[in-house]
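Residue numbers (the working numbering), protein chains in the order written: chain R, 1 to 215; chain D, 1001 to 1125.
Each residue gets a CB set at the ideal place from its N, CA and C atoms; glycine is no exception.
First the structure, in the form of structure tokens, and then the observations on it.
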Amino acid sequence: MVTHFPVFISSLKKCNQNRLPASYTIYMNNQVEINYIERILAGETNLYSYFVNSYSNSIYSLIVRIVQTNEDAEELTQDSFLKAFKKLDSFKGDCSFSTWLFRIAYNTAISATRKRKMEFPMVDEAMMESVPDEALETFFDQDENEIKLQKLEEAITKLNVEEKTLITLFYTEDKSVAELARVLDLTPENVKVKLYRVRKKLYVLMTKGNEDEQR
Amino acid sequence: MKMNNDKAIIKALQSTESPRLSADFNSRLMAEVYRAVERKKKRAYVLGICLISGVSLVLIGLAVYVFLTYIPWNFTFELPKFPKINLTPESKWMYGFSFYIALLTLILIGLDNYIRHKWMTRKSK
């Protein structure tokens, strides 16, 4: 039953996607995960593979974006999962397991980058302030232009660690502002402001790149 | 601010080549997890042994301290004196008869036990 349970949950999620509110699905998922954690703490260590299978790729993609080397990222992903396992009894269940795991992974990756002294380009504050909100919305709403997408990818690599984490979790992992606040140890208001500023920074980095090319 | 509609950012993040974890990553990680569990068990065992040894040493030390401090070294044991028994011909007969009854009771109990045992083994066959 144990091996089929995750499959059942994922199929249940698919079936109920259009019928049940998202909060209910999240609640059910959390309950399942809390049950798993209780059983792992009681000695069923093999159940930890459920979490490893579910989150290893997401954690790895976040860490790869932060540390930028595949080998280090794989090692740090392993470290994050081992740390999570050792501290499993301190998981209170007041947030989802993935949020808690992302927080551990983020802190592990941050410690690794601190040792390396990575440098990120600075962006002029005045330039960022001068970008109108309407321009941002129309600019990022269109995804047909391949050259623009390529430049956007380049601009993303120039963001600092916190900014990369913010956009990765917000746009690809569908984390809410409250969850992001927990992962990054910030207030929800602060997260909103930072997300807003990241968009402006990306815009400036891209347009600055265009200006440099024209010169 | 409609940030969730930033299709371009989502597409750019998704299209960035995200390398996959090696195929045996999950199994290697689980092996590490099992090793960590074993280490934890071993540590708990060693800690338990150390704790028991420590407590035992403290108790032995305490016993030695109490022995040296509160118990005098020149103590002597006095064995109780048994009462003298004067055997008259009448009492000899009484003692003999009591001994015979006790012996007979023991023999009968032993015989009863032997017969029961035999009967039980025969019944079980």
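For the pair of segments examined, the region 93-101 of chain R was found not to touch the region 141-159 of chain R: the number of CB pairs separated by less than 8 angstroms stays below three. The beta carbon of Tyr-50 of chain R sits no closer than 8 angstroms to any beta carbon of chain D.
Neighbours of Lys-1007 of chain D in chain R, taken as residues at a C-beta separation under 8 angstroms, are given in chain order as Phe-140, Asp-141, Gln-142, Asp-143. Three or more pairs of CB atoms, one per stretch, sit closer than 8 angstroms, so the region 56-75 of chain R contacts the region 1012-1032 of chain D. Separation of Asp-89 of chain R and Leu-1047 of chain D (C-alpha to C-alpha, rounded to the nearest whole angstrom) is 20 angstroms. The region 168-177 of chain R makes contact with the region 61-73 of chain R; the number of CB pairs closer than 8 angstroms reaches 3 or more. For Ser-1027 of chain D, the enclosing alpha helix (DSSP H) stretches over residues 1025-1070.
Under a 10 Å Cβ-count criterion, Ile-167 of chain R is classified as buried, with 16 or more other Cβ atoms of the shown protein chains found around its own Cβ. Contact between Ile-104 of chain R and Lys-83 of chain R holds: CB atoms are separated by about 5 angstroms, below the 8 angstroms threshold. Taking Met-127 of chain R as the centre and dropping the five residues before and after it, the same chain places the C-beta of Val-204 closer than 7 angstroms to its C-beta, in chain order. Rounded to whole angstroms, Phe-81 of chain R and Val-52 of chain R show a C-alpha spacing of 7 angstroms. Per DSSP, the unbroken alpha helix (DSSP H) holding Ser-98 of chain R starts and ends at 97-116.
For Arg-199 of chain R, the CB contacts under 7 angstroms within the same chain, skipping 5 residues up- and downstream, are Leu-136, Phe-140 in chain order. The beta carbon of Val-191 of chain R lies closer than 6 angstroms to those of Val-177, Leu-180, Ala-181 in the same chain, with the five residues before and after it left out. DSSP, reduced to helix, strand and coil, places Pro-1083 of chain D outside both helices and strands of the structure shown, so it counts as coil. Measuring C-alpha to C-alpha distances from Pro-132 of chain R to each of R:Arg-39, R:Glu-189, R:Arg-197, R:Val-32 identifies R:Arg-197 as the nearest. For Tyr-171 of chain R, no alpha helix (DSSP H) run applies, since DSSP gives it neither H nor E. Against chain R, the CB of Leu-1047 of chain D has no partner CB under 8 angstroms away; the residue lies outside that interface. Taking C-beta atoms as the reference points, Tyr-106 of chain R and Thr-157 of chain R fail to come closer than 8 angstroms.
With respect to chain D, the C-beta atom of Ile-147 of chain R has no partner C-beta closer than 8 angstroms. By the Cβ-count criterion, Val-1033 of chain D is buried, with 16 or more other Cβ atoms from all chains shown falling within 10 Å of its own Cβ.
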